[in-house]
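Peer 1: Structure in structure tokens, see below.
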Amino acid sequence: MNIRSVRFDHPDAVKLNDEVQAEYHVRYGDGGDATLLDPTDFDPPRGVYLIAYDEHGRPVATGGWRSQDTNDEGNEDGDAELKRMFVVEAMRGRGLARRMLAALEEDARTAGRVRMVLETGSKQPEALALYASSGYEPCAKFGYYRHYDESRCFAKKL
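For the sequence shown, our numbering assigns the number 406 to the initial residue and increments by one for each residue that follows.
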């Protein structure tokens, strides 16, 4: 697996984002994640967006983090917010999400962020299991979906 940093508006990032949005719609029936994301949110040093490519150069996994500080959506100073973690269906079960998560945590730590936070949903048991097994613990809800019953928020000190 070859992990590369790209802009959030890179064609491969757009393709994978469309796939994850379609999956969110299937699971939640709401058209996908409505959180506003700007490509510049992931520009270093205040974030990064990564894509993993297979041996044939196909994009197969993605994820990013963006800096957050104390705001009216419940974030705290030093937060790195994990966004758009996704592995294409044909490549699941091979540890790609865990490797992507580790790369994102290391990048955020290197950038001086002190806590990785994420929001996922109750209808994503694979994500819930990944984060729990990676040392994430439930935290106060934050972000766009903080008032939704299906929202689950987690944090891990970096």
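Note that beta-carbon positions come from the ideal geometry of N, C-alpha and C, so glycine has one too.
Given a threshold of 16 other Cβ atoms within 10 Å of its Cβ, counted over all protein chains shown, does ALA560 qualify as buried or as exposed?
Peer 2: Result: buried.
Peer 1: With 16 as the cutoff for other CB atoms within 10 Å, does ARG503 come out buried or exposed?
Peer 2: Per the 10 Å Cβ criterion, exposed.
Peer 1: Report the rounded CA-to-CA distance for LYS624 versus HIS461, giving the unit in angstroms.
Peer 2: In the structure as shown, the chain starts at 406 and stops at 563, and residue 624 therefore has no counterpart that could be examined.
Peer 1: Hey, how far is the Cα of PRO483 from the Cα of ARG557?
Peer 2: What sits at residue 483 in the sequence shown is Gly, not Pro. Answer to the nearest angstrom: the Cα atoms are 20 angstroms apart.
Peer 1: Would you mind stating whether VAL465 and MET496 have Cβ atoms separated by less than 8 angstroms?
Peer 2: Yes, they are a contact pair.
Peer 1: Classify TYR549: buried if its beta carbon has 16 or more other beta carbons within 10 angstroms, exposed otherwise.
Peer 2: Its Cβ having fewer than 16 others within 10 Å, TYR549 is exposed.
Peer 1: How do the segment 447–463 and the segment 503–518 stand: do at least 3 beta-carbon pairs fall below 8 angstroms, yes or no?
Peer 2: Result yes; three or more Cβ-Cβ pairs closer than 8 angstroms.
Peer 1: Which of helix, strand or coil does DSSP assign to ASP484?
Peer 2: In this structure, ASP484 counts as strand in the three-state DSSP scheme.
Peer 1: Got a sec: is the Cβ-Cβ distance from GLY452 to anything in chain C below 8 angstroms?
Peer 2: This model lacks chain C altogether, as it is built from one protein chain only.
Peer 1: Just mark ASN480 as buried or exposed, buried being the case when its beta carbon has 16 or more other beta carbons within 10 Å.
Peer 2: Answer is buried; the Cβ neighbour count reaches 16.
Peer 1: Could you say which of GLY517, PRO449, ALA532 lies nearest to ARG489 if we only look at CA atoms?
Peer 2: Nearest option by C-alpha distance: ALA532.
Peer 1: Just list the residues that DSSP pairs LYS420 with in beta bridges.
Peer 2: Per DSSP, none; premise fails for LYS420.
Peer 1: Take ALA467 as the anchor and find which of PRO416, GLN473, GLU555 has the nearest alpha-carbon.
Peer 2: Here residue 467 is Thr; the residue named in the question, Ala, does not match the sequence. Cα-wise, what sits closest to THR467 is PRO416.
Peer 1: Rounding to the nearest angstrom, what Cα-Cα distance links TRP470 and VAL419 in this structure?
Peer 2: Distance between the alpha carbons of TRP470 and VAL419: 16 angstroms.
Peer 1: Take the Cβ of GLY517 as the centre, count every other Cβ of all protein chains shown within 10 Å, and call the residue buried at 16 or more, exposed below.
Peer 2: Exposed.
Peer 1: I need the DSSP call for GLN473, collapsed to helix, strand or coil.
Peer 2: Residue state, collapsed to three classes: strand.
Peer 1: To the nearest angstrom, how far is it from the Cα of GLY498 to the Cα of ASP446?
Peer 2: So the alpha carbons of these two residues sit roughly 29 angstroms apart.
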